[in-house]
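Below is one structure, written out as structure tokens; comments come after it.
Residue numbers (the working numbering), protein chains in the order written: chain A, 76 to 475; chain B, 76 to 475.
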């Protein structure tokens with residue numbers, strides 16, 4: 076059992092922390108079915124989300140790049156962790172029964188021999204091992220060490236397992252959805268309270284700080300992602316840190332946050348006007364709300380991401396010409412701020428119950444000024460259910 | 076100029092945000108000297124810290140794994156960024172004069188062709204391009220895309236450039252040290268105030284929350300890293316998230332934080348006793364403070380990391396047998412929570428002025444109970460200067 080699993084939280088509205096062993100057994104079973112279909116003898120996983128998906132090991136320690144962490148998922152039987160010595164106690168407290176360690180840091184052989192030994196023992200000299208090598212993945216170990224691993228295991232063929240991992244992680248369990256929903260609810264509360272927390276003349280830096288504190292006070296664990304900005308009639312980009320510039324009457328402020336509850340993200344934004352809503356921005360706001368509503372209605376099982384995109388883009392095109400540079404109108408989310416799939420014209424992923432998505436229509440207001448609106452939903456058998464409290468029908472105004 | 080560079084902050088104690096162009100020109104010049112010595116025609120960089128080091132581009136957007144970001148640093152001339160379309164405006168606002176974009180997301184060709192074109196144009200068909208492939212590095216692009224890139228560029232030899240990058244990033248400029256020092260000062264204030272903020276009966280989750288809020292209120296941008304725990308007479312590991320367990324009389328609480336100011340981390344911890352200091356823990360605390368002091372005295376230019384380790388371990392060995400499982404007694408820090416070098420018996424890195432290090436002696440108190448103490452310093456020509464306010468000489472007690 077995950078050491079942080081708490082089946083009886085203090086408050087009925089707060090989901091349990093961690094997951095019961097049955098959750099991991101179900102994930103493993105689905106993985107092994109997919110691995111059999113893909114002809115894989117096992118998986119080798121190195122990244123935080125994949126490692127946590129199968130073990131429940133939640134730690135901020137992944138921020139330190141010094142030590143790799145490895146998980147082997149065999150075609151039958153339980154996963155085996157091969158981890159640096161500092162992780163021994165934590166991994167032994169998870170549901171895993173086989174945890175192997177090497178003394179670390181040891182840059183001359185940072186887990187490579189330990190991992191090679193485990194691979195040989197579990198899979199024999201010849202095997203086909205899947206690793207995520209496709210879109211939105213990376214290898215979290217030094218490239219030189221990966222080459223050394225391959226050289227030690229001439230009979231092991233490494234194959235791309237992105238499809239296997241993606242098919243699992245795109246579909247969230249009810250317990251996963253609860254955690255995302257909790258983050259969405261808390262941040263919805265904060266966005267609703269925000270107009271009373273802000274006044275014109277505050278810098279973006281100060282506004283960001285107050286927003287983060289308000290999220291923490293209400294039960295968010297970490298505000299890992301907060302971007303946005305303010306500017307006259309609109310903002311210039313949506314990925315910048317806050318500036319020291321004071322917000323003024325006539326500005327539009329956007330905050331877009333990925334806040335975390337028990338390792339799961341929400342990801343949505345809200346727009347605010349200071350003093351008054353400029354006419355053009357007010358119209359854009361309504362169009363973006365209509366676009367998101369069209370996306371929500373279209374987000375039924377068996378619809379595709381491309382169809383969602385078309386539904387939203389159609390609403391925007393009727394009122395605003397041109398694109399926005401964002402490149403998509405939403406994406407999956409869960410253990411990561413953004414996950415597969417992408418809501419683009421070319422992504423033909425078919426929606427299934429349990430998928431959690433953002434709807435994120437955007438448009439260019441004028442040269443260098445844009446507006447983005449974002450909501451989060453879960454796909455159910457009956458259609459989409461919003462996890463965020465819907466944005467107000469007209470842009471909230473902060474006195475200035 | 077970095078768009079967030081603010082040469083005139085409101086308060087004399089708060090360093091300017093961002094860096095002036097001269098900082099990046101100096102970094103580039105040092106890089107090109109090191110590249111010439113290593114026989115490299117250029118560098119290909121994909122990771123956040125390296126990208127930011129040469130461009131100044133600071134963004135939380137790196138949390139999204141969808142899009143890679145590429146930087147090419149030629150042996151002469153300015154760096155060239157090859158970035159997804161969403162980053163165009165941000166990169167054009169940096170000191171770079173050559174920013175190339177591809178429309179993204181586009182998983183079928185997520186920047187691979189754009190990057191290959193730029194490599195060919197800048198370096199010709201045959202060149203030797205350095206990438207970080209060694210300890211503590213990784214490649215932030217899909218492995219499959221890296222293979223496709225190599226296949227498109229048969230005349231380009233990719234070579235390990237970890238040594239080049241490490242030699243640059245280990246030595247901090249005065250402006251970098253100022254930012255780390257600012258984070259250290261704010262968090263020192265928070266640790267000092269903490270005994271008045273906590274009472275027995277609070278859960279670890281609540282304690283972590285209050286700590287993060289206090290950091291934000293005093294001017295920290297993000298508390299990206301906070302680990303620790305509490306337990307009777309000591310804690311069991313140092314990388315776990317907080318538990319719902321209430322802290323009780325007789326517990327030792329440790330908080331270890333990597334808090335960020337303008338993209339630069341501090342990384343240190345403090346220990347607290349609830350109700351009273353158990354005798355064994357009190358002794359361990361004094362030994363760890365003595366060990367850190369021995370490390371501080373040893374941290375002079377031309378000393379090695381191994382010598383620092385020996386100085387600290389010697390103090391501990393005289394009083395406590397056995398190791399701790401942590402594996403090292405400190406490390407570099409800066410744009411990342413942990414950076415090269417490591418304070419281990421095998422790391423013979425020679426200290427130089429401008430290096431910022433943690434001193435992190437640890438010991439096992441009893442089976443499964445440990446204690447860690449950590450301070451941060453900068454190496455100067457005259458010896459080490461502490462960036463953290465030293466921990467109290469005896470463990471602070473919180474009434475219980």
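Heads up, the beta-carbon is just placed ideally off N, CA and C, and yes, glycines get one too.
Practice task
Rounded to whole angstroms, what's the CA-CA distance from residue 258 of chain A to residue 161 of chain B? Just pull it up for me.
Solution key: Rounded to whole angstroms, residue 258 of chain A and residue 161 of chain B show a C-alpha spacing of 26 Å.
Exercise for the section: Give the DSSP-derived three-state secondary structure of residue 317 of chain B in the structure shown. Expected result: Correct three-state label for residue 317 of chain B: coil.
Practice task
Taking C-beta pairs closer than 7 Å, name the residues in chain A that residue 287 of chain B reaches, listed in chain order.
Solution key: Within chain A, the residues near residue 287 of chain B are 291.
Handout entry: 8 Å Cβ cutoff, residue 82 of chain A in contact with chain B
Key = Confidence in residue 82 of chain A is poor, its pLDDT being 45 and thus under 50, which makes the residue's placement unreliable; the coordinate value appears in the next sentence. Not closer than 8 Å to any Cβ of chain B, the Cβ of residue 82 of chain A fails to qualify, so no.
Practice task
Grab me the residues of residue 150 of chain B's own chain with a C-beta within less than 8 Å of its C-beta, minus the 5 sequence neighbours each way, in chain order.
Solution key: Within the same chain, residue 150 of chain B has close Cβ partners 107, 110, 111, 115, 116, 117.
Problem - Residue-level contact to chain B via CB, residue 284 of chain A, 8 Å cutoff - result: Yes, contact with chain B.
Exercise for the section: Figure out for me which residue from B/286, B/360, B/127 has the closest Cα to the Cα of residue 169 of chain B. Expected result: Nearest option by C-alpha distance: B/127.
Problem - Any C-beta of chain A under 8 Å from that of residue 411 of chain B - result: Chain A contact via Cβ: present.
Problem - Simplified DSSP assignment, three categories, for residue 226 of chain A - result: Residue 226 of chain A sits in a helix when the DSSP states are folded into three classes.
Problem - Spatially closest choice to residue 439 of chain B from B/125, B/406, B/388, by CA coordinates - result: In terms of CA proximity to residue 439 of chain B, B/388 leads the group B/125, B/406, B/388.
Handout entry: For residue 336 of chain B and residue 133 of chain B, the rounded distance between their alpha carbons
Key = Spanning the alpha carbons of residue 133 of chain B and residue 336 of chain B requires a straight line of approximately 12 Å.
Practice task
Would you mind telling me which residues of chain A sit closer than 8 Å to residue 216 of chain B, beta carbon to beta carbon, in chain order?
Solution key: From the beta-carbon of residue 216 of chain B, the residues of chain A found nearer than 8 Å are 213.
Handout entry: Cross-strand partners of residue 332 of chain A (DSSP beta bridge)
Key = Residue 332 of chain A is bridged by DSSP to A/301, A/343.
Problem - Own chain, CB closer than 8 Å to residue 481 of chain A, minus 5 neighbours either side, in chain order - result: The structure shown does not extend to residue 481 of chain A, since chain A is modelled only from 76 through 475, so no value can be given for it.
Problem - C-beta neighbour in chain A for residue 370 of chain B, strict 8 Å - result: Chain A, which has no Cβ nearer than 8 Å to the Cβ of residue 370 of chain B, makes this no.
Practice task
Give a yes or no on whether the minimum CB-CB distance between residue 161 of chain A and chain B is below 8 Å.
Solution key: Chain B contact via Cβ: present.
Problem - Check whether residue 480 of chain A and residue 445 of chain A have beta carbons under 8 Å apart - result: Any answer about residue 480 of chain A is impossible in this case: the structure gives chain A only from 76 up to 475.
Practice task
Count the other CB atoms, across all protein chains shown, that sit within 10 Å of the CB of residue 35 of chain B; report buried if there are 16 or more and exposed otherwise.
Solution key: As shown, chain B starts at 76 and ends at 475. That puts residue 35 of chain B outside it, with no answer to give.
Practice task
Check whether the stretch 448-456 of chain B touches the stretch 343-350 of chain B, counting contact only when three or more Cβ pairs, one atom from each stretch, lie closer than 8 Å.
Solution key: Contact between the stretch 448-456 of chain B and the stretch 343-350 of chain B is present, because at least three Cβ pairs lie under 8 Å.
Practice task
Hey, could you find the ends of the alpha helix (DSSP H) residue 254 of chain A is sitting in?
Solution key: 249-272 is the extent of the alpha helix (DSSP H) around residue 254 of chain A.
Handout entry: Whether residue 135 of chain B touches residue 302 of chain A by CB criterion (8 Å)
Key = Yes. Within cutoff.
Problem - Beta-bridge partners of residue 439 of chain B, as assigned by DSSP - result: BP columns for residue 439 of chain B point to B/445.
Practice task
Output yes if chain A places a C-beta closer than 8 Å to the C-beta of residue 467 of chain B; else output no.
Solution key: Not flagged as an interface residue toward chain A: residue 467 of chain B, since no C-beta distance is shorter than 8 Å.
Handout entry: Residue range of the unbroken alpha helix (DSSP H) whose run includes residue 389 of chain A
Key = Segment 380-392, the alpha helix (DSSP H) holding residue 389 of chain A.
Problem - Where residue 93 of chain A falls, given that 16 or more other Cβ within 10 Å makes a residue buried - result: It counts as buried.
Practice task
Taking 8 Å as the cut-off, decide whether the C-beta atoms of residue 182 of chain A and residue 210 of chain B are in contact.
Solution key: Pairing residue 182 of chain A with residue 210 of chain B gives a Cβ-Cβ distance under 8 Å.
Problem - Short CB-CB distance (under 8 Å) between residue 179 of chain A and chain B - result: Yes - at least one Cβ of chain B is within 8 Å of the one on residue 179 of chain A.
Exercise for the section: Evaluate contact between the stretch 244-254 of chain A and the stretch 233-247 of chain B, counting only Cβ atoms and requiring at least three cross-stretch pairs below 8 Å. Expected result: No contact exists between the stretch 244-254 of chain A and the stretch 233-247 of chain B.
Exercise for the section: Under 8 Å by Cβ, that's how I've got residue 404 of chain A and residue 434 of chain A pegged, so tell me the actual separation to the nearest angstrom. Expected result: Contact holds; Cβ gap of about 7 Å.
Handout entry: Cross-chain neighbours of residue 208 of chain A in chain B, by beta carbon under 7 Å
Key = For a Cβ distance threshold of 7 Å, residue set 217, 218, 219 of chain B lies close to residue 208 of chain A, ordered along the chain.
Practice task
Closer than 8 Å by C-beta to residue 329 of chain B: which residues in its own chain qualify, once you throw out the five before and the five after it? Chain order, please.
Solution key: Taken in chain order, the residues that qualify are 303, 304, 305, 310, 313, 344, 345, 346, 347, 446, 447.
Practice task
With DSSP as the reference, label residue 171 of chain A as helix, strand or coil.
Solution key: In the three-state reduction of the DSSP assignment, residue 171 of chain A falls in the coil class.
Exercise for the section: Return the chain-ordered list of same chain residues with a C-beta closer than 8 Å to the C-beta of residue 180 of chain A, the five sequence neighbours on each side being excluded. Expected result: Around residue 180 of chain A: 141, 142, 159.
Exercise for the section: Please classify residue 416 of chain B: is it buried, with 16 or more other beta-carbons within 10 angstroms of its beta-carbon, or exposed? Expected result: By the neighbour-count rule (16 or more Cβ atoms within 10 Å), residue 416 of chain B is buried.
Exercise for the section: Tell me where the alpha helix (DSSP H) around residue 104 of chain A begins and ends. Expected result: First-last of the alpha helix (DSSP H) with residue 104 of chain A: 96-113.
Exercise for the section: Compare the C-beta of residue 166 of chain A against all C-beta atoms of chain B and say whether one is closer than 8 Å. Expected result: Residue-level contact by beta carbon fails for residue 166 of chain A and chain B, as no gap is shorter than 8 Å.
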